[in-house]
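All remarks here apply to the structure that follows.
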Amino acid sequence: MNISRLKALLGATALTIVAAGAAQAGGFSRGTADTDILFEQGNFNLRTSVVVVKPHREFTVNGYADGTGYNFADTYVVPSAAVKFKFFDQLSCAGTVSQPYGGGVSYRGLGNGTLRKLEEDFTVTEYGATCAFKYEMGKGSLSFLGGLFVENVDYTLLGGSGTVSVKLKDNDIGWRAGLAYEIPEIALRAQLMYRSGTDVAAEGTTNGAPVAQGFAELPQSVELKVQSGIAPGWLAYGSVKWTDWSVNERLLLVLNKFNPGPNTRVNTYNWQDGWTVTGGIGHAFTDAISGTVFATWDRGVGTGWDLQSDTYTVGAGVSMKDKIGGELRAGVGLSYLTAATEDKYSLALPMTDPAFGFNRAVGNDWSVAVSAGYSVKW
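Under full-length UniProt numbering, the sequence shown is numbered contiguously, ending at residue 378.
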């Protein structure tokens, strides 16, 4: 088995999985910290990537002022960066920057929902540090993984048909831990990683006054990833990820904390847990050029309170090594977003109580993601 070609292949594999996850985006998922860099050869490794996702989502049923027949899903960018230091053969540590969660919508006309939203956007940026301690075991090695991360949350809302502007910020600390087993001779790696959930208790402004608050929960997750060489120059890989989206029951938005009664709005989700399954095949054409194809299914987390539905993604990626020791990677993913219908709301006109409003629906839609990245090692 051509191990050098298989090792060249792994970079393209990691990149296209990032593209797949960003394109299908179950719940508010976008990207993930690049802790796989801990398994790369080299004493110092640097890897960066960016994914651009262009989703298309249209209402087929919508009783609010913005109506139907336009794309309300915003295009977004998911950056990622990681740097690894190998202190000695048994210990390596990595610093990572990622955007694990986010969401963005833009409505037209007089806006959507009981708050008459024109724009709503939030991003979660994660800064993490993770270490791997390796212990030789049999033909391979067992690694113990662990680390901490800080999440910065930014939320903005333009509502009231443009008369209400809300900006919120928060940060919280979480942790991750896992195990990995490798047999380098056959490019085998199995990795199980847990990531803790976090709480959002944001403070900010409404129309410039420091009176706004926002409360929500972000989920814990567990992911199993496996890869192995299957023939000379060929690699198979797959992953299964569970995300505890059922903790995300609602977003509580308080426009004025000194008078919360009439100034409190609720985005109701009541999601079920998410499952994401990915599988792919990679091939090393030469020592410098590798390629991969993959498919992903993501179970929709919606339960009738919103429009989150099943998503199916296919994609491909390529990895090309240059003559100065770097590696250029690129990938593309195409996602099929299935139809969804709300059925938990009143069919009457929106009332003062935000629990009342119209049921909306979306049809079958598409999303496209493209990604590019570069890595170096010494």
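Ideal placement from N, C-alpha and C gives every residue a C-beta, glycine not left out.
Burial check for residue 173: the Cβ neighbour count within 10 Å stays below 16, so the residue is exposed.
Residue 308 and residue 136 have their C-alpha atoms spaced approximately 44 angstroms apart. Each residue's CA atom was taken as its position, placing residue 267 and residue 133 some 43 angstroms apart. At a cut-off of 3 residues, the continuous stretches assigned as beta strand (DSSP E) that sit fully inside the region 104-172 are 119-137, 140-159. Per the C-alpha coordinates, the member of 324, 51, 27 positioned closest to residue 317 is 51. Per DSSP, residue 184 lies in no beta strand (DSSP E) segment and is marked neither H nor E.
In the DSSP assignment, the residues bridged to residue 311 are 298, 337. Counting the other Cβ atoms within 10 Å of the Cβ of residue 342 gives 16 or more, which makes it buried. Between the alpha carbons of residue 118 and residue 110 lies a gap of roughly 7 angstroms.
Using a Cβ distance threshold of 8 angstroms, residue 115 and residue 63 do not count as a contacting pair. Put simply, the backbone Cα of residue 58 is about 11 angstroms away from that of residue 337. A direct Cα-to-Cα measurement between residue 74 and residue 88 gives close to 45 angstroms. Annotated as proximal: residue 304 and residue 344, with beta-carbon spacing under 8 angstroms.
Membership of residue 267 in the beta strand (DSSP E) is indicated by the continuous run 264-268. Residue 70: not part of any beta strand (DSSP E); DSSP gives it neither H nor E.
Around the beta carbon of residue 245, 16 or more other beta carbons lie within 10 angstroms, which makes this residue buried.
Apart from sequence neighbours up to five positions away, the residues of its chain that approach residue 210 with a beta-carbon distance below 8 angstroms are 203, 204, ordered along the chain. Listed as beta-bridge partners of residue 219 by DSSP are no residues whatsoever. Rounded to whole angstroms, residue 102 and residue 150 show a C-alpha spacing of 16 angstroms.
Residue 31 is classed as buried because its beta carbon has at least 16 other beta carbons within 10 Å across all chains shown. For residue 299, the closest C-alpha among the options 153, 275, 366 is that of 275.
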